[in-house]
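Right, one structure below, let's go through it.
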Amino acid sequence: MPTKIQNFARSALVKPVTVNVGRAGAANLDVIQEVEYVKQEAKIVYLLECLQKTPPPVLIFCENKADVDDIHEYLLLKGVEAVAIHGGKDQEEREYAISSFKAGQKDVLVATDVASKGLDFPDIQQVINYDMPAEIENYVHRIGRTGRCGKTGIATTFINKNQSETTLLDLKHLLQEAKQRIPPVLAELNDPMEDVEAITNASGVKGCAYCGGLGHRIRDCPKLEHQKSQAIASSRRDYFGSGGYRGEM
């Protein structure tokens, strides 16, 4: 469910009930998640190394159409059997990309999030997030393309100073929950609002003690969540400043 709809429901409804099959937002435990800090200008070269981790088929996700096209062209120049799909391609091009990738005629599919939901590709060996999505739910959908039917898959994700600390904190928490390796750049991140848990346990208050809304308690307050995001953004560490992680070593 989109974040805006969730926030509206929490602020307007009294004791809403949400029904989930499994734990919403949780990653598949059959997926080995590998997060790598890669400078923006080094990503496309490092991509070739990551393709050597597993046999095909491999899915590569990008945030925008231009990157999809650039990576597709680069892989073709390097002799990789690749196809690409995004919303800017016509129906014939999209159908060819999907059918040839499914049939095993192509080894790599480069795509935007159009391929993260609704399309079923069997036996994906590895998912590569060339760009880390801003919403952690999209990350979960992407890596869920691999590690299916009891098989183990690999999800490789590139991060750098272009990602917000809010997004990276979400990623850190998800990795911790799935008992995955936490890279140093994420391990050093601290949540400046984690002490708010003591406030959320306050009892005897009807509705939200922070904003006064009757539809939620303080632990689910969208206004408090917004303040938390602002606090995270204002406490950016040096390695997310002009130099990136450790001055972009």
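Reading the sequence shown from the start, the letters are residues 1 to 249 in the UniProt record's numbering.
Glycine residues also receive a C-beta, built at the ideal position from the N, C-alpha and C atoms.
Residue 263 - containing alpha helix (DSSP H), residue span: Because the chain in this structure spans residues 1 to 249, residue 263 falls outside the shown range and cannot be described.
Neighbour-count burial assignment, residue 226, 16 or more Cβ in a 10 Å radius: exposed
CB-CB length for residue 57 against residue 105, believed under 8 Å: Contact doesn't hold; Cβ gap of about 10 Å is too wide.
Residue 101 in three-state terms, based on DSSP: The answer is helix: DSSP assigns residue 101 an H, G or I state.
Member of 155, 150, 116, 179 whose CA lies at the smallest distance from the CA of residue 137: 116
C-beta atoms of residue 37 and residue 128 nearer than 7 Å: no
Nearest neighbour of residue 155, chosen from 139, 161, 166 [CA to CA]: 139
Bounding residues of the beta strand (DSSP E) (the contiguous stretch that carries residue 126): 126-129
Neighbour-count burial assignment, residue 112, 16 or more Cβ in a 10 Å radius: buried
As assigned by DSSP and simplified to three states, the class of residue 152: coil
Close beta carbons around residue 78, own chain, < 8 Å, minus the five adjacent residues each side: 48
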